[in-house]
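Numbering (my numbering), first residue to last: 2 to 457. To start, the structure itself, in structure tokens.
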Ligand SMILES: Nc1ncnc2c1ncn2[C@@H]1O[C@H](COP(=O)(O)OP(=O)(O)OP(=O)(O)O)[C@@H](O)[C@H]1O
Ligand SMILES: [Zn+2]
């Protein structure tokens, strides 16, 4: 059995992974708040934990792994969106979940075994909060219930910070009813126009952090193997999940291994909705970038390193995948090559696994290449439709336009250049001309049929 090693944020070391119960390996990953299309950054943890899920299933058997990823479908951002658009909350969350499935399926990610909606677990949240109040870890104030961080000595252990540092560094909401500025909301009152549920503290709704603690307990138990998410969630979200769950079930330990993926960045900054520097997965798919290409680009960078999305990486990925698809077509997959498995088992070294795939391709081991692909969710039929048609080769047109431009510089007659440019733009092609040469890039509305007649 392959030995899996994972970097545990709790211990900051790469550890050999030993499941609590090898017959039921359990993983929880924080899912999206559903009010809008997922941006490309949101897709990164989905692909990262999909690779881990596939690895666990390969090593322990598919029926011995339980993967839970929630939908946060009660949240103030959702309420704000509903108010802005004059729409029903449930219509927004249902629609967004449908989009999420479509977009993540396109990236070749497997659906988790359970995808709980927070609104279906309100009873468990209330029960957990009642237990925390009874044990002195939480208190009621002005219709709110707050978690008292001072009641939990381990607070800050995951992110490695003291409570004082956290107060200084975080944008903590200061509220008159808080005993300590770091205390966070477990339950808050709802006005009539907001979603709410009856509770011992009146009609209200849960805070975000308690949702994950309650759903993880319900579906995976008080202790389980792996908890994952982006490293932007480490503090305060995961710190708060740990505090709640460890105080609700002292001694159980909650999640053993914490795994955090680094951020997808845009010019050195996290891609995020709040910064507005984002594009959605759907934007890319609609522009004709295949989901498999997005997946392959993601696998090229280790999950603990920040990464950028670039058109260049996408172009290279597309060329490699097209070539490999040609090689493995009609081939029966062999066993997953040892070196590929070893790379992924070594803290999800997907870049190493891809390097092995290049070696297999160079050696002509097509059965191994196909098996490696299937293991990593690549070269499969499900996400392969894009590669069926012939690749659109614009290099002939690029050369022709470059020659026409050169001739025009000498003759000062640019009519042919302008004519070609206009026809290309009409076909949905972006024309880039610089000293270095001419580059033609198919854009969102690209229609190859309209290229006929552009060439002389
Ligand atoms: N740029 C990014 N790179 C990688 N993962 C990200 C990025 N942005 C968000 N995530 C992850 O996406 C998942 C969904 O998070 P969430 O729904 O809170 O995103 P969000 O509200 O769209 O985030 P933001 O407002 O920061 O864009 C989380 O696991 C989070 O860590
Ligand atoms: Zn969570």
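From the three backbone atoms N, C-alpha and C, an ideal C-beta is built for every residue, glycine too. Remember, it's a predicted structure, so these values are computed and weren't measured experimentally.
| query | Does the Cβ of residue 233 lie closer than 7 Å to at least one heavy atom of ligand 1? | reply | yes
| Three-way DSSP call (helix, strand, coil) for residue 351 in this model | helix
| field | N-terminal and C-terminal residue of the beta strand (DSSP E) that residue 451 is part of | value | That residue, residue 451, is in no beta strand (DSSP E); it is neither H nor E in DSSP.
| field | Residue(s) in a DSSP beta bridge with residue 145 | value | Looking at the DSSP assignment, residue 145 forms a beta bridge with 142.
| Which one of 197, 306, 85 has the shortest CA to CA distance from residue 351? | 306
| Whole-angstrom distance between residue 387 and residue 291, CA atom to CA atom | 6 Å
| request: Just the C-alpha distance for residue 210 and residue 419, rounded to the nearest angstrom, thanks. | output: 58 Å
| field | Residues near residue 14 in its chain [Cβ-Cβ closer than 8 Å; skip 5 each side] | value | Result list for residue 14: 8, in chain order.
| query | Since residue 198 sits in a beta bridge, which residues does DSSP pair it with? | reply | 205
| query | What are the partner residues of residue 28, as DSSP defines its beta bridges? | reply | 68, 227
| Given that a residue counts as buried once 16 or more other Cβ atoms are within 10 Å of its Cβ, and exposed if not, what is residue 371? | buried
| message | Here's a check: name, in chain order, each residue in its chain whose Cβ is nearer than 7 Å to the Cβ of residue 36, leaving out the five neighbours to either side. | response | 78, 79, 82, 93, 97
| query | Is there at least one non-hydrogen atom of ligand 1 closer than 7 Å to the beta-carbon of residue 274? | reply | yes
| said: Tell me whether the stretch 182-200 and the stretch 133-149 touch, counting them as touching only if at least three CB pairs, one residue from each stretch, are closer than 8 Å. | reply: yes
| said: Checking the sheet assignment: what are the DSSP bridge partners for residue 236? | reply: According to DSSP, residue pairing for residue 236 in a beta bridge does not occur.
| request: Tell me the start and end of each unbroken alpha helix (DSSP H) in the stretch 74-134 that is at least 4 residues and wholly inside, in chain order. | output: With a minimum length of 4 residues, the continuous alpha helix (DSSP H) runs that stay inside the stretch 74-134 are 77-86, 90-107.
| said: For ligand 2, is there any heavy atom lying closer than 7 Å to the beta carbon of residue 102? | reply: no
| message | For a test of your reading of the model: does the CB of residue 487 fall under 7 Å from any non-hydrogen atom of ligand 1? Yes or no. | response | Lying outside 2 to 457, the shown extent of the chain, residue 487 is not represented and no answer is given.
| said: Measuring straight from C-alpha to C-alpha, what distance separates residue 58 and residue 223? | reply: 22 Å
| said: Looking at residue 430: is its Cβ nearer than 8 Å to the Cβ of residue 442? | reply: yes
| request: Below 8 Å CB to CB, which residues in the same chain sit around residue 455 once its five sequence neighbours on both sides are set aside? | output: 398, 421, 424, 425, 428
| field | residue 279, enclosing beta strand (DSSP E) - first and last residue | value | Unbroken run through residue 279: none, as it is neither H nor E.
| request: May I ask you to check if the CB of residue 242 is nearer than 7 Å to at least one heavy atom of ligand 4? | output: Annotation note on ligand 4: not contained in the displayed structure, which lists ligand 1 and ligand 2 as its ligands.
| query | Just to confirm, are residue 150 and residue 184 a CB contact at a threshold of 8 Å? | reply | yes
| How should residue 348 be labelled, buried or exposed, when 16 other C-beta atoms within 10 angstroms of its C-beta is the threshold for buried? | buried
| task | Look up residue 59 in the DSSP assignment and give the residues it is bridged to. | result | BP columns for residue 59 are empty, so no partner.
| query | Do residue 310 and residue 159 come within 8 Å of each other at the CB atom, strictly closer than that value? | reply | no
| So is the beta-carbon of residue 208 under 7 Å away from any non-hydrogen atom of ligand 2? | No, ligand 2 has no heavy atom inside 7 Å of this Cβ.
| What are the uninterrupted segments assigned as alpha helix (DSSP H) that are 4 or more residues long and contained completely in the stretch 253-334, given in chain order? | 282-287, 292-300, 312-329
| task | For the alpha helix (DSSP H) containing residue 339, list its first residue and its last residue. | result | 339-346
| said: Taking 7 Å as the cut-off, is the beta-carbon of residue 434 closer than that to any non-hydrogen atom of ligand 1? | reply: At a threshold of 7 Å, residue 434 does not count as near ligand 1, since its beta carbon sits no closer than that to any of the ligand's heavy atoms.
| Around the C-beta of residue 308, are 16 or more other C-beta atoms found within 10 angstroms, so that it is buried, or is it exposed? | buried
| Cα-Cα separation between residue 457 and residue 415, rounded to whole angstroms | 15 Å
| Own chain, CB closer than 7 Å to residue 265, minus 5 neighbours either side, in chain order | 41, 42, 45, 272, 308, 310
| Using a Cβ-Cβ cut-off of 8 Å (strictly less than) and excluding sequence neighbours within five positions of residue 279, which residues of its own chain qualify? | 40, 41, 42, 267, 272, 273
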